[in-house]
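See below for the structure under consideration.
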Amino acid sequence: MQSSSKLVTSVIVTALVVSLVWYAALPMLVPSKTAQEAPVTTPEQSRVIKIGGTLPLSGQFSPVAGTFNRLYDAWATQINERGGLYVSEYGKRLPVKVIVYDDQSDATTATRLYEKLISEDKVDVLIGPYSSTLTVPLVAVATRNSIPLIATSAGAPPIFNQGSDWVFVGIDLITNWPKTYFDMVKAKGQAKTIGFVATDEPFGQGVLAGGKTFAPQAGLTITSENIVPVGTKDFTAAIIKLKEANPDIVFVAALAPDAATFVKQAKEQGLKPREFHVPQLVKGFIESVGVDSANYITGEWYWTDDVLYGGVWGKEMFMQAMAKAGITNVDYPWAAVHYYGLEIIGAAIERVGTLDKAKLKDGLKNLSIPTISGEVHFKSFGNFKGVGTLVPFPVQMQNGKVVVVWPSETKKGDYTYPSP
Amino acid sequence: MTLAPLLELLIFGILLGGIYGLSAIGLSLIFGIARVLNLAHGAFAVLAAAVSFVVIQATGLNLLFVAMLVVPLFFVAGYVYEILLIHRMLSFNRERRIEALILGTLGFGLVTESIVSIIIPRNFGVNYQFLPISFGEITVSTLRLLLLAVVAITTVILHFIVYKTWYGKALRATIDDAETAQLMGINFDRITSITFGLGTALSALGGILLLLVFNISPNMGFPITLKVLAIIILGGLGSILGSLAASIALGISETFAGFFLDTAWSNSISLVVLLVVVLIKSEGLLRR
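Residue numbers (this note's numbering), protein chains in the order written: chain A, 1469 to 1888; chain B, -10 to 277.
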């Protein structure tokens, strides 16, 4: 028995060591996939504008943003059918090419691929990946390589705290994400208490910080705050704490996969607030919890076809690109945010009239660009010069459909509180 | 604080532990008979959950019906896995055997997880709406109670198999003393293969139950193996009831740690238990 025990101990210790080494080496062993082959270097007279980025074509974020490569391709086709983007430095329109790699929803993989886009593909400008988590390490990459990075679904403070002249984001700080939601709650005036569950990653922490600022301004008392690790599988402890606190609103500041697990278990375990609020009320979340369970949950979207703004090339062009890509806004509400990135890049190149990276960066700071969700200009946050101004609209799942419920000039349905 | 949340924590801890229990019993039996630490054990749970999810999505069949198809399938998979992979590695000399078994089972598990992540590149789960039951101020998940019932029934069946059948007698004899059992005419290879099939089927059933309460991520397999490892170390290798008791103890520890310390602690408490038990009493706290 003694020798058996020693054998068990040695096997376990060896297994743990081997596992750690394996997991550490895994990102290096995973080959990347390309949406398109890397282009051959072109001579100046046939200059192509190269835009490069990664998307979660696989991995946990793929249900949320794994189809946006098709949107980028559709947009590039539309632009090229118009002759390309006009660059005054060249005195003509230049075609665009978007190079997209699969980051597998992994920050390490994304960082490696952005280095490749810069050093091997020699892109003119970078478009950001999906999520703050993947964008955070790219600020240093773009700054070190002196190349503009137009970030997309990324507004968490760790991005901006690093300080940079080279990174621009269409959307406002993630801490301002829930502002319009709390404006709506305040206007309704019925909810009195709120409890938070937030994951310990940039998106969750950013939205939580915003929520804690705006909730008291909306007359709400915070009765519970629970920070949980990203990827938590069992939320029982947080759910029992929330049951004890019994808030009117349970606000789940987490990305869709974690939010879905929480809501699924909260309903299973009998947590019954008057409203669940989930910032990422997206297809992946709704499918995970089921349409019936998702009914009357509130969230935020950046764009719907009720929004009146035309953007750089007109709302119709965006809708046609979405149709060509086979993407619906209902299924992929963050598509608009990635389209802002294309609008910002296109407008900046045409207005600044150059592909010189430093000049583009300097020009972007002073531009006001019309997007499909309104004008965006860039403001400073400490040493970071490129924080955008776009914030999302509050929505609510009503009878199986996601409906804009605020503000009054855009809403398609009335905000229902408490949930039936 | 009232008593109600403490009671709820206790009940949910027991229910959570029950869900871990099946996989733990499976790995415990496998280790007990073959002295093989099957690091692919959790990957089989994830694979079974994925197969069930795909079948449900494609056909709309009830999970219970799907489980009745998938669990026997995984018995066969475990049986074949033992013959094709484990059996060959067990024939190596002692030093090569340990390395081969660690790398072989770990590699098989990681490849399995990768295949699952290619087929379903996201978290996945199924939804059955069960209204929770309230007892005064205490509310309990009906779904988890049903799962605990499944675990209890399975444990009774297992107990019957192990203590009332020829296979069980041969299994216990082999766990106690493999050489003497072989001298008595027990076919060690066959018993080992059957036990791998049984253990893998239990892991598969555990994975299918997890599908109901968690959203499964394709890379959950190895963390499940580590958790189950902590349980069987705690419960004593090769012991069915010890594994079940240790599962429940771990489930309760996780929920209480999450409530009184932090949810991050509830995720890592199993590893703390594993390290402490290995360092202090490596034969397990609840030795068979």
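Backbone N, C-alpha and C fix where the C-beta goes; we use that ideal spot for every residue, glycine too.
Next item on the list: Determine whether the Cβ of Ala1705 (chain A) lies closer than 7 Å to any Cβ atom of chain B.
Entry: With respect to chain B, the C-beta atom of Ala1705 (chain A) has a partner C-beta closer than 7 Å.
Next item on the list: For Ile175 (chain B), name the three-state secondary structure that DSSP assigns.
Entry: Looking at Ile175 (chain B) - three-state DSSP - the assignment turns out to be coil, as it is neither helix nor strand.
Check: In three-state DSSP terms, what is Ser106 (chain B)?
Finding: Helix, per DSSP.
Note to self: Helix, strand or coil, according to DSSP, for Thr1700 (chain A) in the structure here?
What the structure shows: Coil at Thr1700 (chain A), not helix or strand.
Item checked: Chain-ordered chain B contacts of Ala1728 (chain A) [CB-CB under 9 Å] -> Simply Asn112, Gly114 and Asn204.
Checklist line | Cut-off 6 Å between Cβ atoms - residues of its own chain near Phe1852 (chain A), not counting five sequence neighbours on either side | finding: Around Phe1852 (chain A): Phe1628, Gly1631 and Ser1632.
Next item on the list: Sort out for me which residues DSSP pairs Ser1836 (chain A) with in a bridge.
Entry: In DSSP, Ser1836 (chain A) forms a bridge with A:His1845.
Check: If you drop the 5 nearest sequence neighbours on each side, which residues of the same chain put their C-beta closer than 7 Å to that of Ile222 (chain B)?
Finding: Excluding residues up to 5 positions away in sequence, Leu263, Val266, Val267 and Gly273 lie with their Cβ nearer than 7 Å to the Cβ of Ile222 (chain B) in the same chain.
Notebook entry, point to check: How is Ala66 (chain B) classed by DSSP in three states: helix, strand or coil?
Noted result: Looking at Ala66 (chain B) - three-state DSSP - the assignment turns out to be helix.
Notebook entry, point to check: Which residue or residues does DSSP assign as beta-bridge partners of Ile1707 (chain A)?
Noted result: According to DSSP, Ile1707 (chain A) bridges with nothing at all.
Checklist line | For Met1787 (chain A), the first and last residue of its enclosing alpha helix (DSSP H) | finding: Taken as a continuous stretch (DSSP letters only), the alpha helix (DSSP H) holding Met1787 (chain A) covers Lys1783 to Ala1793.
Next item on the list: Could you tell me which chain B residues have their CB closer than 8 Å to the CB of Ile1765 (chain A), listed as they occur along the chain?
Entry: The CB of Ile1765 (chain A) never comes closer than 8 Å to any CB in chain B; the least such distance is about 14 Å.
Notebook entry, point to check: Quick one: what does DSSP say Gly96 (chain B) is sitting in, helix, strand or coil?
Noted result: It is helical.
Check: Any idea if Val1720 (chain A) is buried or exposed, counting beta-carbon neighbours within 10 angstroms, 16 or more meaning buried?
Finding: In this structure Val1720 (chain A) is buried. Its beta-carbon is surrounded by 16 or more other beta-carbon atoms within 10 angstroms.
Notebook entry, point to check: Counting pairs of Cβ atoms below 8 Å between the region 1759 to 1774 of chain A and the region 143 to 158 of chain B, do you hit three or more?
Noted result: Result no; under three Cβ-Cβ pairs closer than 8 Å.
Item checked: Where Arg85 (chain B) falls, given that 16 or more other Cβ within 10 Å makes a residue buried -> Taking all protein chains in view, the Cβ of Arg85 (chain B) is surrounded by fewer than 16 other Cβ atoms within 10 Å, so the residue is classified as exposed.
Next item on the list: Evaluate the contact criterion for the region 1668 to 1678 of chain A versus the region 1597 to 1604 of chain A: three or more CB pairs, one atom per stretch, below 8 Å.
Entry: They touch, by the three-pair rule.
Check: Which partner residues of His1745 (chain A) appear in the DSSP bridge assignment?
Finding: According to DSSP, which records beta bridges pairwise, His1745 (chain A) is partnered with A:Phe1719 and A:Thr1766.
Note to self: Quick check on DSSP: helix, strand or coil for Val1564 (chain A)?
What the structure shows: DSSP places Val1564 (chain A) in strand when its eight states are reduced to three.
Note to self: Let me see if you follow: with CB-CB separation under 7 Å, is Ile175 (chain B) close to chain A or not?
What the structure shows: Ile175 (chain B) does not count as touching chain A.
Margin query: What would DSSP say about Ala1608 (chain A), mapped onto helix, strand or coil?
Written below: Shown here, Ala1608 (chain A) sits in a helix according to DSSP, grouped into three states.
Margin query: Contact criterion: CB-CB distance below 7 Å. Does Gly1868 (chain A) meet it with respect to chain B?
Written below: For Gly1868 (chain A), the answer is no, since every Cβ of chain B falls outside 7 Å of its Cβ.
Next item on the list: Taking a Cβ distance cut-off of 8 Å, strictly less, list which residues of the region 1708 to 1722 of chain A are near chain B, in chain order.
Entry: Legend: CB atoms of the region 1708 to 1722 of chain A lying less than 8 Å from CB atoms of chain B belong to residues Ile1708, Lys1709, Lys1711 and Glu1712.
Checklist line | Residues of the region 219 to 237 of chain B whose Cβ lies closer than 9 Å to any Cβ of chain A, in chain order | finding: For the region 219 to 237 of chain B, which is checked against every Cβ of chain A, the residues closer than 9 Å are Ile222 and Leu226.
Next item on the list: Just the C-alpha distance for Gly247 (chain B) and Ala238 (chain B), rounded to the nearest angstrom, thanks.
Entry: When rounded, the distance between both Cα atoms is 14 Å.
Checklist line | Through-space distance from Gln1864 (chain A) to Leu1828 (chain A), alpha-carbon basis | finding: Computed Cα separation, rounded: 39 Å.
Check: How close, in whole Å, do the beta carbons of Ala141 (chain B) and Ala159 (chain B) come, if the pair is a contact with beta carbons under 8 Å?
Finding: That pair is no contact at about 25 Å.
Checklist line | Simplified DSSP state of Thr1620 (chain A), which is helix, strand or coil | finding: In the three-state scheme derived from DSSP, where H, G and I count as helix and E and B as strand, Thr1620 (chain A) is classed as coil.
Next item on the list: Identify whether Gln1685 (chain A) lies in helix, strand or coil by the three-state DSSP scheme.
Entry: The DSSP-derived three-state label of Gln1685 (chain A) is helix.
Notebook entry, point to check: What are the boundary residues of the beta strand (DSSP E) that includes Ile122 (chain B)?
Noted result: Start and end: Ile122 to Phe124.
Margin query: Distance check for Glu71 (chain B) and Val283 (chain B), CA to CA, integer angstroms please.
Written below: Limits of chain B in this structure are -10 at one end and 277 at the other, which puts residue 283 (chain B) out of reach.
Check: What is the rounded straight-line gap between the Cα of Ser242 (chain B) and the Cα of Tyr1764 (chain A)?
Finding: Here the alpha carbon of Ser242 (chain B) sits roughly 35 Å from the alpha carbon of Tyr1764 (chain A).
Margin query: Does Thr181 (chain B) pass the burial test, meaning 16 or more other C-beta atoms within 10 Å, or should it be called exposed?
Written below: By the Cβ neighbour-count rule, Thr181 (chain B) is buried, with 16 or more other Cβ atoms within 10 Å of its own.
Next item on the list: Please name the residues in the region 1511 to 1530 of chain A whose beta-carbon is closer than 9 Å to at least one beta-carbon of chain B, in chain order.
Entry: Along the region 1511 to 1530 of chain A, going in chain order, the ones with a CB nearer than 9 Å to a CB of chain B are Pro1524, Leu1525, Ser1526, Gly1527, Gln1528, Phe1529 and Ser1530.
Next item on the list: Per DSSP, which residues does Val1872 (chain A) bridge with? Please list them.
Entry: The partner list for Val1872 (chain A) (beta bridge, DSSP) reads A:Val1863.
Note to self: Between which residues of its own chain and Ala1762 (chain A) is the CB-CB distance below 6 Å, once the five residues before and five after are set aside?
What the structure shows: Hits under 6 Å: Ile1754 and Met1865.
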